[in-house]
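Everything below concerns the one structure shown next.
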Amino acid sequence: MDQLTIFKALSNKTRLQILEWLKEPEKYFSAEENADFEQIGVCVGQIQQKCGLTQSTVSEYLALLLHAGLLESTRIGQWTYYKRNEEAFQQLSDFIKSAL
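FYI, in the numbering used here the residues of the sequence shown are 3 to 102.
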């Protein structure tokens, strides 16, 4: 776990909001046909629509969160789905409790 990369990824309001939405996707996103939030995640198109930002900006934000290890992605056909990496959040929590 690279703490600096994680904290940089968390230093943006919209990226934090995306992580909040993905914590409880059923609360923030409508269920698509064949979508399983828990197993597969949320389609990048739904995240982009909710953010109201350009596709390229949302893709950059998701790439940063993925690189930091805070998200996992699954590609199905032409669609990419994202969900939180809860293990990474547990490690981050443990790090904050013990080191900070």
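Backbone N, C-alpha and C fix where the C-beta goes; we use that ideal spot for every residue, glycine too.
| Asked | Found |
| --- | --- |
| Ile78 versus Ala101 - alpha carbon distance | 39 angstroms |
| Residues bridged to Lys85 (per DSSP) | Glu74 |
| Segment contact, 8 angstroms Cβ cut-off, at least three pairs: the stretch 49 to 61 with the stretch 86 to 95 | no |
| CB of Ile8 within 8 angstroms of CB of Leu94, strictly | yes |
| His58: first and last residue of the uninterrupted alpha helix (DSSP H) it sits in | It should be noted that the sequence gives Ser, not His, for residue 58. From DSSP, the alpha helix (DSSP H) with Ser58 extends over 57 to 69. |
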